[in-house]
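Colleague:
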Amino acid sequence: TLIIASFRAPPTRFMLELLRRLNPTGSLLRASAFVARHEYVFALLCLLNANMGALDLEAGDADDLEADAKGAPSPLRGGFRARAAHELLHSLARVHALLSDDAKKRVLQTVTSAGALPVARDTPSFA
Numbered sequence: 007t008l009i010i011a012s013f014r015a016p017p018t019r020f021m022l023e024l025l026r027r028l029n030p031t032g033s034l035l036r037a038s039a040f041v042a043r044h045e046y047v048f049a050l051l052c053l054l055n056a057n058m059g060a061l062d063l064e065a066g067d068a069d070d071l072e073a074d075a076k077g078a079p080s081p082l083r084g085g086f087r088a089r090a091a092h093e094l095l096h097s098l099a100r101v102h103a104l105l106s107d108d109a110k111k112r113v114l115q116t117v118t119s120a121g122a123l124p125v126a127r128d129t130p131s132f133a
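Numbered per my numbering, the sequence shown spans residues 7 to 133.
#1: Are the beta-carbon atoms of L63 and T31 separated by less than 8 angstroms?
#2: Let's test the definition: count the other Cβ atoms within 10 Å of the Cβ of A99 and tell me whether it reaches 16, buried, or not, exposed.
#3: For L104 and N57, what's the separation of their Cα atoms in angstroms?
#4: Alpha carbon to alpha carbon, how far is G85 from N55? Give it in angstroms, no decimals.
#5: Where A39 and A60 are concerned, what is the direct C-alpha to C-alpha distance, given to the nearest angstrom?
#6: Between which two residues does the alpha helix (DSSP H) holding N57 run?
#7: Between the C-alpha atoms of M21 and R36, what's the straight-line distance to the nearest angstrom?
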């Protein structure tokens, strides 16, 4: 429910920042056999992370000094965020490699035609 709600939250909402910090994707991908068996879960994780900007490798080091809404330094800014994105992409790739060719096609179809779930925050990752 929290994941689906994140698609509707404006990017400035506290809930979205909290979800970015506590991104459940890494934990879910540790159960790689489960996620590979349930390709819709994998597709939803891909959409979620693209929508949150969690796959953005272009985060610059200048952003390291930025603060969150309360003025505290954010651990997911700049270089930290780029490293987290890199690790997340590798984890997604490992699960993707476990999928059958047919499952890969279905995931691609789901991700590219998921009109009910807006992907608006991180279009570079989606492309």
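Glycine residues also receive a C-beta, built at the ideal position from the N, C-alpha and C atoms.
Modeller: Reading it off the structure:
#1: By the CB criterion at 8 angstroms, L63 and T31 fall outside the cutoff.
#2: It is exposed - the Cβ of A99 has fewer than 16 other Cβ atoms within 10 Å.
#3: 24 angstroms
#4: 18 angstroms
#5: 22 angstroms
#6: E45 to M58
#7: 24 angstroms
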